[in-house]
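Notes follow once the structure below has been shown.
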Amino acid sequence: GARDSIYEPTAVLAKVGPEYILAGDIMPQVDIVLWMMFKDRSPAEMEKYRRQIDMEKQMLIRSLLGQAIDSKILYVAFKRSMKPEELAQFEERASEVIDSAFESSIDETLAKVKMADKAEMKRLRAKDMQITQLCTLMVENQVETHRELDGILRTFGTSLEQAKQTFAETNFGRQALTVDVKLSFEVTHQELLDYYFENVDDYKITEAISFEQLTVQFKNHETKQKAYQKICALGNSVLQGARFDQVAIAQSEGPKAKSGGKYELIERGDLVSEKVEEVAFDLPVNRMSPVIEDGNGFYIVRVQKHREENREKFTEVQSEIEQAIQNERRNEAIQKYITKVKTHIPVWNSFEAERP
């Protein structure tokens, strides 16, 4: 109905000065975030929580649109700060710089995302939401190249080119700030300590395991017995000297088989299979588990790393805390600046506009 028409890719969701923000700029982002939140849920669960997911979607649209508007305001302010001929020159030079900055940002962040636990992911997202999200998509879909990432983005109705455009505008907008806004601040030792103790939960190291898994799913086999024979055969080839990850790639039936059945830094409550989790957390490192059975299939796991619960020391996170405080103050300064600039740049937001 009329409600859905705002989701047509060409529908205008907002206007900032001369620039438009279309549904096609926002909706793919919304869908990507929702996919990340719900990718492990079964269709039945999705159906059950349809209303909540719908509400979540509405909130996401508003919040991502708000961020996009702020970003555009900075971009428009930046363009206004230059003479037309300067701008033309700048845009010519900038496209090469942006290309390489965008690609190296992805490559550097990808390496971090692959190894990141939840706390580190939170930090990466705070530093650069867009790039971290692109890298998470790559990791979740087990791809390595920018071309494959482009393919994934297209399934959400966007592309690498469009992502690069967003990246460019965000970074040009930040240029405007460097001229007009104070972006670095003195942080005292006492402030660092206060922050550490106020946010001490963020520096908890949760218990986590990294492990490899062989999976045989009942639904792929005529009888349970055949499934059992297969999991035993897989286990035996590892015991006879085959590499665990090679066996997983060749024969395992789990979602991570392609990447060697590897699970990195899994915390309690993360796994779909409670049975696997129960066994894996109790298993000595480098020991193969017996065959585990749950409602969906048979599994064998081998734990490679078991990280005990702990806490990061202040000295280990001091520079990172300084970064966090700098970011908070910077964001406050940026918000103030945006509020000031808004008075000179007309903004229309379809969600706040009076409905005729």
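Heads up: the sequence shown begins at -1 in the numbering used here, then just goes up one per residue.
We treat Cβ as the ideally placed atom computed from N, Cα and C, and that holds for glycine.
Values in this document were obtained by computation on a predicted structure and should not be read as measured data.
| Identify the residues that DSSP records as bridge partners of I290: which are they? | In DSSP, I290 forms a bridge with Y297.
| Using CA coordinates, which residue listed in L20, R121, E83 and G267 is at the minimum distance from I59? | Nearest option by C-alpha distance: L20.
| request: Under the assumption that V301 contacts V283 (Cβ atoms under 8 Å), give the Cβ distance between them as a whole number of angstroms. | output: Between the beta-carbon of V301 and that of V283 there is about 5 Å, and that keeps the pair under the 8 Å contact cut.
| message | Let me confirm a value: Q50 is counted as buried when at least 16 other C-beta atoms fall within 10 Å, else exposed. Which label applies? | response | Residue environment: Q50 is assigned as exposed (fewer than 16 neighbouring CB atoms within 10 Å of its CB, all protein chains considered).
| Are the CB atoms of D292 and K273 nearer to each other than 8 Å? | For D292 and K273, yes; Cβs fall inside 8 Å.
| Does the beta-carbon of T107 have 16 or more other beta-carbons within 10 angstroms, so that it is buried, or is it exposed? | So T107 counts as buried.
| Taking the alpha-carbon positions, what's the E350 to I207 distance? | If I take the Cα positions, the gap works out to 47 Å.
| said: Measuring alpha carbon to alpha carbon, tell me which residue in Q65, A9, E210 and V198 is nearest D126. | reply: Minimum Cα distance to D126 is reached at Q65.
| request: Output yes or no for whether 8 Å exceeds the beta carbon distance between V141 and I129. | output: Their beta carbons are not under 8 Å apart, which means V141 does not touch I129 by this criterion.
| said: With a threshold of 7 Å on Cβ separation, who are the neighbours of I319 within its own chain once the five nearest residues in sequence on each side are excluded? | reply: So the qualifying residues of the chain are L190, Y193 and Y194.
| Contact belief for S79 with V10 at Cβ below 8 Å, rounded distance in angstroms | Not really, about 25 Å apart at Cβ, beyond 8 Å.
| query | For the putative contact between I323 and V185, defined by C-beta atoms under 8 Å, what is the C-beta separation to the nearest angstrom? | reply | Their Cβ separation, rounded to whole angstroms, is 5 Å, which keeps I323 and V185 in contact under 8 Å.
| query | Is P26 buried or exposed, if buried means 16 or more other CB atoms sit within 10 Å of its CB? | reply | It counts as buried.
| said: So, with DSSP's three-state summary, where would you put Y18? | reply: Secondary structure at Y18: strand, using DSSP grouped into helix, strand and coil.
| Three or more C-beta pairs closer than 8 Å, one from the stretch 95 to 112 and one from the stretch 153 to 172: is that the case here? | Yes: at least three Cβ pairs fall under 8 Å.
| query | Rounded to a whole number of angstroms, what is the C-alpha to C-alpha distance between R327 and F183? | reply | Rounded to the nearest angstrom, the two C-alpha atoms are 8 Å apart.
| task | If I'm right that I332 touches I71 with Cβ under 8 Å, what's the distance once you round it to whole angstroms? | result | About 10 Å; that fails the 8 Å criterion.
| query | G295 to K224, Cα distance in whole Å? | reply | Our two residues, G295 and K224, have alpha carbons roughly 11 Å apart in a direct line.
| Beta-bridge pairing of Y261 - partner residues as DSSP gives them | DSSP, once it has assigned bridges, lists F209 as partnering Y261.
| message | Measuring straight from C-alpha to C-alpha, what distance separates G267 and N308? | response | Approximately 18 Å between the Cα atoms of the pair.
| Residue from V31, G258 and Q215 whose Cα sits closest to the Cα of V236 | Of the candidates V31, G258 and Q215, G258 places its Cα closest to the Cα of V236.
| message | In the DSSP output, which residue or residues are listed as bridge partners for W346? | response | In DSSP, W346 forms a bridge with K13.
| field | Reference Q56; option with closest CA among F170, V28 and F279 | value | Of the candidates F170, V28 and F279, the one whose C-alpha sits nearest the C-alpha of Q56 is V28.
| Assigned exposure category for K77 - 16 Cβ within 10 Å defines buried | With 16 or more Cβ atoms within 10 Å of its Cβ, K77 is classed as buried.
| What are the start and end residues of each continuous alpha helix (DSSP H) run of 4 or more residues lying completely inside the stretch 158 to 241, in chain order? | Taken in chain order, the complete alpha helix (DSSP H) segments of 4 or more residues contained in the stretch 158 to 241 are 158 to 178, 187 to 196 and 222 to 237.
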